[in-house]
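Undergrad:
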Amino acid sequence: MSALKIKKGDSVRVIAGKDKDKEGKVLIVNAKKSTVVVEGVNMITKHQKPASANQQGGIVNKEAPIDISNVMYLHKGKPTRIGFKVEGEGKDKKKVRVAKSTGETID
27 MSALKIKKGD SVRVIAGKDK DKEGKVLIVN AKKSTVVVEG VNMITKHQKP
77 ASANQQGGIV NKEAPIDISN VMYLHKGKPT RIGFKVEGEG KDKKKVRVAK
127 STGETID
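In the working numbering, the protein residues as written are 27 to 133.
(1) For Ile132, which option in Gly114, Gly116 and Gly109 has the closest C-alpha, if you only look at C-alpha atoms?
(2) How should Ile92 be labelled, buried or exposed, when 16 other C-beta atoms within 10 angstroms of its C-beta is the threshold for buried?
(3) Can you tell me which residues form a DSSP beta bridge with Leu53?
(4) Considering only the beta carbon of each residue, do Leu100 and Ser60 sit closer than 9 Å?
(5) Going by C-alpha to C-alpha distance, which of Ala125, Glu89 and Lys58 sits closest to Lys111?
(6) Quick one: Cα of Gly114 to Cα of Lys120, how far?
(7) Go ahead and pull the three-state DSSP assignment for Asn68.
(8) Would you grab the beta carbon distance between Val62 and Ile32 for me? Rounded to a whole angstrom, and I think it's under 8 Å.
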């Protein structure tokens with residue numbers, strides 16, 4: 027399996043689906059299913075029974091996973107594709123993410 031280009035904490039924009047053009051922060055990344063949960067995007071209503079964690083129960087709004095191909099990384103407020111580049115030499119080699127639009131390293 028190849029490395030994922032979106033990580034937890036990244037700012038992303040939704041590029042497809044019912045929430046197109048919404049922006050948010052990535053809360054959860056599921057590499058096996060290649061899905062992400064984005065803050066305030068793909069909201070669903072869930073009926074919960076009363077439990078020790080939620081004494082009241084009732085209807086709860088929460089984010090549902092969205093496919094990772096439907097989100098795009100935001101670099102300086104603009105959506106961009108992400109590539110990888112190896113920096114350093116010898117034992118100091120490090121694989122870093124690179125914004126394709128500007129060529130700048132992300133992390």
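Every residue, glycine too, gets a C-beta built ideally from N, C-alpha and C.
TA: Let's see:
(1) Numbered from its first residue, the sequence shown carries residue 132 at position 106. Closest by alpha carbon: Gly109.
(2) On the sequence shown, residue 92 is found 66 positions in, with the first residue counted as 1. The residue is buried, with at least 16 neighbouring Cβ atoms inside 10 Å.
(3) Walking along the sequence shown from the start, residue 53 turns up at place 27. According to DSSP, which records beta bridges pairwise, Leu53 is partnered with nothing at all.
(4) Here residue 100 corresponds to residue number 74 of the sequence shown, with the count starting at 1. Here residue 60 corresponds to residue number 34 of the sequence shown, with the count starting at 1. Result no, Cβ atoms of Leu100 and Ser60 do not sit closer than 9 Å.
(5) Counted from its first residue, the sequence shown places residue 111 at position 85. Comparing Cα positions, the closest option is Ala125.
(6) In the sequence shown, the residue the question calls residue 114 occupies position 88. In the sequence shown, the residue the question calls residue 120 occupies position 94. If you take the alpha carbons of Gly114 and Lys120, they lie about 6 Å apart.
(7) Taking the sequence shown and counting its residues from 1, the one referred to as residue 68 is at position 42. Reduced to three states, the DSSP call for Asn68 is coil.
(8) Indexing the sequence shown from 1 puts residue 62 at position 36. Indexing the sequence shown from 1 puts residue 32 at position 6. Distance from Val62 to Ile32 at the Cβ level is roughly 6 Å; contact confirmed, criterion being Cβ atoms closer than 8 Å.
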